[in-house]
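Position 40 of the sequence shown, counting from 1, maps to 366 under the working numbering, and the rest follow consecutively. Structure first, then comments.
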Amino acid sequence: MKGKTKMLDNDLLNLTHEQQQRAVEKIQELMAQGIGSGEAIALVAKQLREQNKNTQNHK
Numbered sequence: 327m328k329g330k331t332k333m334l335d336n337d338l339l340n341l342t343h344e345q346q347q348r349a350v351e352k353i354q355e356l357m358a359q360g361i362g363s364g365e366a367i368a369l370v371a372k373q374l375r376e377q378n379k380n381t382q383n384h385k
């Protein structure tokens, strides 16, 4: 579990403040639609990792 947490921490550290704000807003939107907080966070984190992976592949 610590390995996953560390990976997530590293991903979060690479986000700009604006990206962090958008992520929080997206999580809040999902929760307002009835999705649990854990699932909402997991969905947004997955999207961010995919976006980051795509960005890295285009460099």
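C-beta atoms are modelled at their ideal positions from N, C-alpha and C, and glycine is treated no differently. As the structure is a prediction and not an experimental result, all values here were calculated from the model.
Is the beta carbon of residue j closer than 7 Å to that of residue i?
i, j, result
"M357", "A366", "yes"
Using the Cα positions of residue i and residue j, report the straight-line distance between them to the nearest angstrom.
i, j, result
"N383", "R348", "23 Å"
"I361", "N340", "26 Å"
"A368", "E355", "14 Å"
"V350", "H343", "11 Å"
"Q345", "Q373", "12 Å"
Which residues in the same chain as residue i place their Cβ atom closer than 7 Å to its Cβ, once the five residues preceding and following it in sequence are excluded?
i, result
"I353", "A366, I367 and V370"
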